[in-house]
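Reviewing the structure listed below.
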Amino acid sequence: MTIEFHCPHCDKLLKTPDDKAGVRANCPGCGQTVTVPDLAAEATHTDESFAEVEHQPDSPDSEITSTDDTKPCPMCGAMIKRAAVRCRFCGETLVHRPAAGAWAPTPIDAGDILNRSWEIYKRELGLMIAAILIAFGIPFGINIALSFVQQIAVLAVGGGGPPGGNPNQAVGLVLGLSLVSMVINFSIQTFMQAGLTVFMLRVARGGSPEISDLFSGKQYFWRFFWGSILLNLMIFFGLIFLIVPGVILALMFWPMTYVIADRNVGVLDALQQAKEATSGNYMAVFVLALASFGITLLGLLACGIGLLFSAPLTTLLLAVAYCGMTGQLAERRS
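Set out below in structure tokens:
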């Protein structure tokens, strides 16, 4: 007989022989130490990807083996499970990635995605508002500070400089500061976008998101950075050429950043997988885009304050749509 149970940390289904009841082992999904329950534990469908537990009783360093891919720890280089959130060799805390489900391109219904998003929105409203305030508030605050610095520099060079000063030098300084400010703003926005993507994926899957997830996007920063630039350029040039190509590219590749955070892949692979996910879902995505525009417009009409409530819903809508298109929709709750 076998014991089948879920990891209490990441909810991954594990399988082990019944003589291992009471033994402690490391979950191959998240790396956390779990205790194998007795035969009265929850029984569910077996995930055959897991092998038997191979370890000595009561050994916290033992593992539940599986066929999951491994990856090198970014700090010490030791091989660890790809889904691990903490390195068991050096103790480094890795990005808190949402527990991924089975990834498979799946047709979606726009109405179903809207209903599911609304259910989750009502349940997690407070937490999502806090996340949106942080994710958008930090870049906004830094932008204000940089603008203030620029204004001081302009006044110092243009108004307080010595008579007969070089005007070209002043213009060059202003342009240089503007360029630096733009790069810093984009970098901060990219970092927060990566964290917000991780956060919203966990919300969409019915997990237990934490505010700390908003700062867990360091691992994806450069892929989000260059990927966003590439995608925006593709859409921009597509819009220049009769608009329609740009719309098609947007509908085809918009989940790229979600694929990066979910699958931990490179930019080109993310674009390819995004195309696979959206294939056959263009009309549903177009309807959801119109719905998002309408929700945002309502938020703007409510003296702008409504954005505090509309922004979490539109952001969540994208995450739920992605999960739907990849067969990872969260279970409905009563």
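Heads up: the sequence shown begins at 13 in the working numbering, then just goes up one per residue.
Ideal Cβ placement from N, Cα and C applies to all residues, glycine included.
Because the structure is a prediction, the values reported are computed rather than measured.
| Item | Value |
| --- | --- |
| Per DSSP, the bridge partner or partners of ILE92 | LYS83 |
| Exposed unless 16 or more other CB atoms sit within 10 angstroms - verdict on PRO29 | exposed |
| Exposed unless 16 or more other CB atoms sit within 10 angstroms - verdict on PHE152 | exposed |
| Rounded separation between LEU309 and PRO324 - CA only | 14 Å |
| Beta-ladder partner(s) of HIS18, from DSSP | LEU25 |
| Three-way DSSP call (helix, strand, coil) for ALA37 in this model | strand |
| Distance between TRP115 and LEU26 (C-alpha atoms, nearest Å) | 19 Å |
| Span of the beta strand (DSSP E), counted from its first residue to its last, around VAL348 | Beyond the ends of the chain as shown, which are 13 and 346, falls residue 348; an answer cannot be given. |
| Reduced DSSP category for ASP30 - H, G, I as helix; E, B as strand; rest coil | helix |
| Cβ neighbour criterion (16 or more within 10 Å) applied to LYS93 | buried |
| Buried or exposed (CB count within 10 angstroms, at least 16 for buried), GLN163 | exposed |
| Enclosing alpha helix (DSSP H) for CYS335 [first to last residue] | 319-337 |
| Nearest-angstrom Cα separation, counted from ASP31 out to LEU328 | 44 Å |
| Nearest-angstrom Cα separation, counted from ILE260 out to THR209 | 23 Å |
| Same chain, Cβ closer than 7 Å to ILE120, neighbours up to 5 away in sequence not counted | ASN293, ALA296, ALA333, GLY336, MET337 |
| Burial state of VAL183, where buried means 16 or more other Cβ atoms lie within 10 Å | exposed |
| Where the alpha helix (DSSP H) containing SER129 begins and where it ends | 122-135 |
| DSSP three-state assignment for GLY278, whether helix, strand or coil | coil |
| Beta-carbon spacing of ILE272, ARG214 below 8 Å | no |
| heavy atom of the ligand ZN below 7 Å from ASN293 C-beta | The ligand ZN is not part of this structure, which contains no ligands at all. |
| Nearest-angstrom Cα separation, counted from ARG217 out to ASP124 | 15 Å |
| Endpoints, alpha helix (DSSP H) assigned at TRP234 | 233-252 |
| Closest residue to MET194 among ILE154, GLY278, PHE211, ASP225 (Cα-Cα distance) | ILE154 |
| Member of HIS18, GLU16, THR118 whose CA lies at the smallest distance from the CA of GLU288 | THR118 |
| Sub-8 Å separation of THR269 and GLY306 beta-carbons | no |
| 8 Å contact criterion, which ALA122 and VAL299 should meet: CB distance rounded | 4 Å |
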